[in-house]
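J.: With our numbering as the guide, the letters of the sequence shown map in order to residues 18 to 1256. One structure, as structure tokens, below. Some questions next.
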Amino acid sequence: NTKEDLNKNGKFDPWSSDIKKNGVYGDLNGIDDDGNGFVDDVIGYDFVDQSIMNIGDSKDIDPDVYDENGHGTSVAGVIAAEGNNDLGIIGVAYNSRIITMRAFDYSGNAESDDIAAAIVYATLQGARVLNFSFGEVYSSSIIYDAVRFAYSAGVLMAASSGNNNWTLRHYPSDYDEVICVGGSTSQNSRYGLSNYGNRLDLVAPGLEVLTTSKDSNYSVKNGTSFSAPHVAAAAALLLEKDSTLKPSELLSILKSSASDFGEKKWDWEFGSGILNVKSALNSIGKSKIEISFPKNESFIDRDTKQIQITGTVATPLFESFELFFGEGEKPKFWQRITAKNYNQIIDGQLGNLNTDVLKDSTYTIRLLVNLKNDNSIEQRFYIQTYSSKTNLNITSLKVINSYLNDRMIPVVFAVTNYPSFARVKYRIKGNNDPYKVISEFQRYSNFHTITIEEYYNDNITMEAIFEAELPNGTTTSNQFEFTTPNINIPQNNFIQKEYGFPLSYLLNKVEDIYGDGKPCIVVNDLSSGGWGNLKIYQFKTKAFFSKDSFKEALIPKGIGDSNGDGILEILATASGKSILFQANNKGENPFSSKLFFNDVNSTFWGADLTDINNDTRPEIIGFSDSAFKSYTYLNGKYQLIGTANPNLRLDTYPGFASADFDNDSKTEICFGTRFGRFYIYEYSSGNFTLEYNDSSTISSSEQYIESADVDGDKIPEIIIGNFGSTVPFGQEDASTPIWTYRILKAESPSKYRILDSIHIFGVRGGLDYKNGITKGDVDNDSTDELIISVFPNLYIFKWNGTEFKPLWIYPYTYSNSAIVYDFDKNGINEIGISTFSGVRFFELDTATQPNVPLGFIGWSLDTNKSYFEWQKVANATAYELINMVRNESGYTGYTAAVTNETNFTIDTLKNQTHYEFVIRAINNDLPEKFSNLSNFVDIFTHKPVEPLNIETIDNERIKINFSGNIQNNFLNPGDFLLLKNSEIYSTISTALVSGDTSAIITLTEKMSDGNYDLQIKSFRDKYGSPTTEKTLQVNFTSQPIKNEMFLTQILVIDKSTLKLKFSEAIDNNTCLDIKNYNLQPYGEIVAVEPDNDSTVLIYLNNKKPLLATGKNYTLQVSNIISANGNQITKGAGNTLGFVFYSNTVDAAYVYPNPVRFSETNEIVFAGLPSKAEIIIYNLEMKELKNIEENDGNGGAEWDGKDRNGNLLGSGIYLFKVIQSNADGTKTESDLKKFVVIAK
């Protein structure tokens, strides 16, 4: 973007334009220099703005599109890696310009609104091709609306089919407007993990693709993510050749030119075949094969009696088309809708499907287009049929109060019997105000998740309606109530200590490992960004010091004296291997010897050092793939003393805890499986005995298990944490998962009850994240608090006798656990946690002072006015609002107001100014009269943003311009209503920000021409301030439809006569002019004469016969007018073609012959059957090369290089042709010869 490239060096320099680095000033000046609504977008924009924080740059949209993950860099390399520079690779379209939109974070996660915003941005910047190397099994309405917007603007989109080796649905690749690209191999087979099936269009290289990678490197990649960019790049090349091509025409060209492999013609594994860029670029004439109705996954009412299937079938090698249907997504039988139709159709009726033969079910519609080269193109799509007897039902509806960051919110979970869209309407119970509406934009699914995130600083009962809607407009609803939880979590009631150490994976065990009286901890060093060395830190003189380390990426699991020699051991594990370390002598390096390690051929994951048999010495306990095992030190060696085998696979993270849970003086162990099932075994008399198990499935995740005495009765409880979708939806892998922590209390050895459950919304699971659970007494009351680390937050919960209440939250941690210990010996335990700046230690502030005000929020009301509110503090008499001013040493606070109310409005601020405020409670009667500071609230003073005007894009989309910055990727569709005569006329599908001050609104249906009103409710702008509610007028005016004539059929009468048929009666003057006909690549037209009012006969020079030369023949028509005055189209339908191929192998020949490499670099084998194999030999009958002819044009091209890439030398060579017959037999030709004269 030259206007944003301030230093004009053709590169993106992501630093301030006032700062010089390496002699270069940056490109960032905070100004929208090109006026496109996006500031500083030199090479694109970063749209990652996730509701759940993640590692790296995940929160705020900005112009810095740095690829933290590296996936995008590799995808872009396939498309546009620089060519002819003697470095690395060359991109398929190496001179193309790339616009970079970042929608995925460091870990490869993305939210639908971020993806949609990126698509809209690229479209508005003039992109012609978009590549989507991502996908999921759920359709997103907001992404689909963005896709349809891009398609309407002429953007070709190519998407990876996915890497699950299945035929299930996958988006966005399954959308009609997107090319679905699977993966192929260098052996012309399907890439083994590539998804396939009805929606597959074609395949491209997806295995061992050499491409670019981060930091100026190259790497080999696998997956359909690298297949899609091959197709996207091919589309870019086609657009370079003809910029007028539309997306549907590009798709048809790519499909019709693909090389047929696998089963003959279209098949499930290859679609139309393997991408053939050369063939696509050599194609003549435009092509379009498209179903306009019904769309894929449409809901069709069977009561309409007939489904009229409309669309376009026009492609140069057209022979005929047929329509079929079959029940299900994998029909066993196809039933014909139409007979073969030998005429092309553009924007017309392709066939009618009678609905009286259908039932309420899913059907696959199949459009088969037969080509003259014996290949075919297919388009398959799904419809869901229903009738008046079909009921959309809400089968499950739950409201689960869940923690989201620093507060609890209601989350609505619902299940419907049909995939549908959903929304929740709610208002204060008994209040007649209009309902607030929150629409689900993420998915079109059976499973629905809607969060109610509006702040209410009180417990308020809401009356609500859950509505589900099918695409056809059928709705159903359930009424329900919920209460706003009014739970906010303190952040500033713990004081940070002055000591810490680098980022680490923690073990909550503190021991005097060296016997010198100084506490030590064992960690895995994560400071380099990944798993590091096993390391010991020792605390002394108010600081931690690195003491010893072991140079292997092992995870610490336990510390204890298992052999009773008075020297502590360290148990560590990784990759199914476990080691018990011990110093040779007390005080020496604890890693100097190995007392125990499992056999290299077995799997044993160490879990802990804990006393299983009550002999006062800890045993080693760990697990294999299927059982937990315990080893004790006996007779000078470690011996197996017990196995707890639940007879199922445990996976890698089953969780583990041990204690006397049922108070019978015997130790139990508890562990789980990935599905949330858990087992409690007791060790007694030399054996593990199953005492209790819960076989219910509630998760699909790692298990986190801990024992803790949370209620102070000296009997430990069991805490089990995991994430999954069973709790909200009743089944796994359904939709949005949720964290669930169950606290179990033993009532007897065989009976446990759930003491309480804690739910946390926003799952970041897997090894990239450090989630976990531990315990400790952080408030000095002799009972355990529960410490839960759920990326990106760490929570402390305390039992109050009836339920768990949050005590503290630390945001944005990277902590698998915590360390709880009184290192500074002041009588209060510290808590050590891993933050992104290292392991930091905190201590509860126990000073006698007012509590911290919670729920502190605020926003700008006008140019000089801002509003604030907070929750009442029971032991406060007043509150101080403080303006925090940042300076070189940190912050300085200035009192803005003191009030005894729980809200305040300031009207003395400066316009267009950023402020930071905190609140603290005051009580002059307490020893410490001020509370700790609350959370910060950021304010930017500005005039309220209001809607200015509306621009109509088409009858389905409008653009709203605002007076100020609304930049926020997603706007709630419920904040917009289309009215006609003051009545609601249409609802809004999606609302997408299209720049700092504009948004694109997509309606749920196309509007008829006329005037309407758009009611725009107040919503939060970029700075969290409410916008002004307003109603603006909208005018919809349809674009006139241009009638054009097209070709419907071409017939080869003989090698010198063609019959050409038009879609309507033609004008005799223009149709007889031979200059209006262009025959390629060979042949000469000598005359044209009418055959009837819509057909002409074309006569060729019989001295220039049309032969099977390996070329497709095309006849392109221009400047011809119909009898009604309609021009011949310039798009698909103005070109028809034909091919010649031999029926036998004996007609094969080579041209030119002799072959002179000084004059040509191409050898053509001509006169071939439609499907054939050519084998080339030298005179010694050594096989040099195999070539396949499978495009049906009677010829195959060869570059003259053998299997080793060597160009043939001068001499005589032999070849034979093998024909594949329809009955499975093969026919071979005699040997034939050709001559090569080398350069």
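The beta carbon of each residue, even a glycine, is placed where N, CA and C say it ideally should be.
1) What residue ranges within the segment 763 to 835 form continuous beta strand (DSSP E) runs of no fewer than 3 residues, ordered along the chain?
2) Do you know whose CA, among 158, 1126, 1201, lies nearest residue 486's CA?
3) Distance check for residue 177 and residue 77, CA to CA, integer angstroms please.
4) Taking the alpha carbon of residue 985 as the point to measure from, which residue in 966, 972, 1008, 1116 has its own alpha carbon closest?
5) Quick one: which unbroken beta strand (DSSP E) runs of 3-plus residues sit fully inside the segment 1168 to 1192? Chain order, please.
6) Measuring alpha carbon to alpha carbon, tell me which of 1198, 1193, 1206 ends up nearest residue 1187.
7) Could you spell out the range, first to last residue, of the beta strand (DSSP E) harbouring residue 315?
8) Suppose the cutoff is 7 Å on Cβ atoms and the five residues either side in sequence are ignored; what does the same chain contact list for residue 727 look like?
9) Are residue 384 and residue 290 touching if we call contact CB-CB under 8 Å?
10) Taking only beta-carbon positions, decide if residue 1103 is within less than 8 Å of chain C.
11) Can you name the residues that DSSP bridges to residue 756?
12) So, is residue 902 buried or exposed, given that buried needs 16 or more other C-beta atoms within 10 angstroms?
13) Counting pairs of Cβ atoms below 8 Å between the segment 969 to 981 and the segment 885 to 895, do you hit three or more?
14) For residue 1089, I'd like the list of residues in its chain whose CB is within less than 6 Å of its CB, leaving aside the five on either flank, ordered along the chain.
15) Under the DSSP definition of a beta bridge, which residues are partnered with residue 174?
16) Tell me the residue span of the alpha helix (DSSP H) that contains residue 465.
17) Cα separation between residue 1 and residue 1225?
18) Could you spell out the range, first to last residue, of the beta strand (DSSP E) harbouring residue 978?
19) To the nearest angstrom, report how far apart residue 353 and residue 1251 are at their CA atoms.
20) Beta-carbon separation of residue 698 and residue 674 under 8 Å?
21) Determine the direct distance from the alpha carbon of residue 556 to that of residue 708, and round the result to whole angstroms.
22) Below 6 Å CB to CB, which residues in the same chain sit around residue 270 once its five sequence neighbours on both sides are set aside?
23) Helix, strand or coil: which one does DSSP assign to residue 1093?
24) List the DSSP bridge partners of residue 964.
25) How many Å lie between residue 491 and residue 409 at the Cα?
26) So residue 164 packs on residue 198, CB below 8 Å; how close in whole Å?
27) Pull the bridge partners of residue 1243 from the DSSP assignment, please.
28) If you follow the alpha helix (DSSP H) that residue 163 is in, where does it begin and where does it stop?
29) If you measure between the beta carbons of residue 884 and residue 922, is that distance less than 8 Å?
30) For residue 1043, name the three-state secondary structure that DSSP assigns.
31) Count Cβ pairs between the segment 367 to 376 and the segment 338 to 347 that sit closer than 8 Å; are there 3 or more?
32) With residue 136 as the anchor, note down where its alpha helix (DSSP H) starts and where it stops.
33) Output the boundary residues of the beta strand (DSSP E) element that contains residue 1007.
34) So which of 1217, 700, 953 has the shortest CA-CA distance to residue 1258?
35) By alpha-carbon positions, which one of 1150, 1202, 1229, 1140 ends up nearest to residue 1171?
36) At what residues does the beta strand (DSSP E) containing residue 931 begin and finish?
T.: Taking the definition as stated:
1) As far as the segment 763 to 835 is concerned, its whole beta strand (DSSP E) runs of at least 3 residues are 768 to 777, 789 to 793, 802 to 807, 810 to 816, 821 to 828.
2) Residue 486 has its Cα closest to that of 158, out of 158, 1126, 1201.
3) Taking the straight line joining both Cα atoms gives about 27 Å.
4) That would be 1008, whose Cα lies nearest to the Cα of residue 985.
5) Taking only runs of at least 3 residues, the beta strand (DSSP E) segments lying wholly in the segment 1168 to 1192 are 1180 to 1183.
6) Relative to residue 1187, the option among 1198, 1193, 1206 whose CA is nearest is 1206.
7) For residue 315, the enclosing beta strand (DSSP E) starts and ends at 315 to 318.
8) Excluding residues within five positions, the ones whose Cβ falls inside 7 Å are 734, 760, 800, 801, 803, 816.
9) Between residue 384 and residue 290, the C-beta gap is not smaller than 8 Å, which leaves the two residues out of contact.
10) Of the protein chains in the structure, only one exists, and it is not chain C.
11) The partner list for residue 756 (beta bridge, DSSP) reads 740, 777.
12) With fewer than 16 other Cβ atoms from the protein chains shown falling within 10 Å of its own Cβ, residue 902 counts as exposed.
13) Result no; under three Cβ-Cβ pairs closer than 8 Å.
14) Contacts found: 1105.
15) Note: residue 174 sits in a beta bridge opposite 147, 195.
16) First-last for residue 465: 462 to 468, but that is the beta strand (DSSP E), not the alpha helix (DSSP H).
17) In the structure as shown, the chain begins at 18 and stops at 1256. Residue 1 is therefore absent and cannot be evaluated.
18) In the DSSP assignment, residue 978 falls within the beta strand (DSSP E) that extends over 974 to 979.
19) Annotation: residue 353 to residue 1251 spans about 49 Å, alpha carbon to alpha carbon.
20) No, Cβ-Cβ distance for residue 698 and residue 674 is not below 8 Å.
21) So the alpha carbons of these two residues sit roughly 41 Å apart.
22) Counting only Cβ-Cβ distances below 6 Å, and skipping sequence neighbours, we find 297, 300, 304.
23) The answer is helix: DSSP assigns residue 1093 an H, G or I state.
24) In DSSP, residue 964 forms a bridge with 979.
25) One C-alpha to the other measures close to 8 Å.
26) Residue 164 to residue 198, Cβ: 15 Å. No contact.
27) For residue 1243, the pairing in a beta bridge is given by DSSP as 1237.
28) Residues 158 to 169.
29) Contact flag set, yes.
30) Strand at residue 1043.
31) Put simply, the segment 367 to 376 touches the segment 338 to 347. At least three CB pairs are less than 8 Å apart.
32) Counting along the chain, the unbroken alpha helix (DSSP H) around residue 136 starts and ends at 129 to 141.
33) Membership of residue 1007 in the beta strand (DSSP E) is indicated by the continuous run 1005 to 1012.
34) Because the chain in this structure spans residues 18 to 1256, residue 1258 falls outside the shown range and cannot be described.
35) The alpha carbon of residue 1171 has as its nearest neighbour, out of 1150, 1202, 1229, 1140, the alpha carbon of 1229.
36) For residue 931, the enclosing beta strand (DSSP E) begins and ends at 931 to 939.
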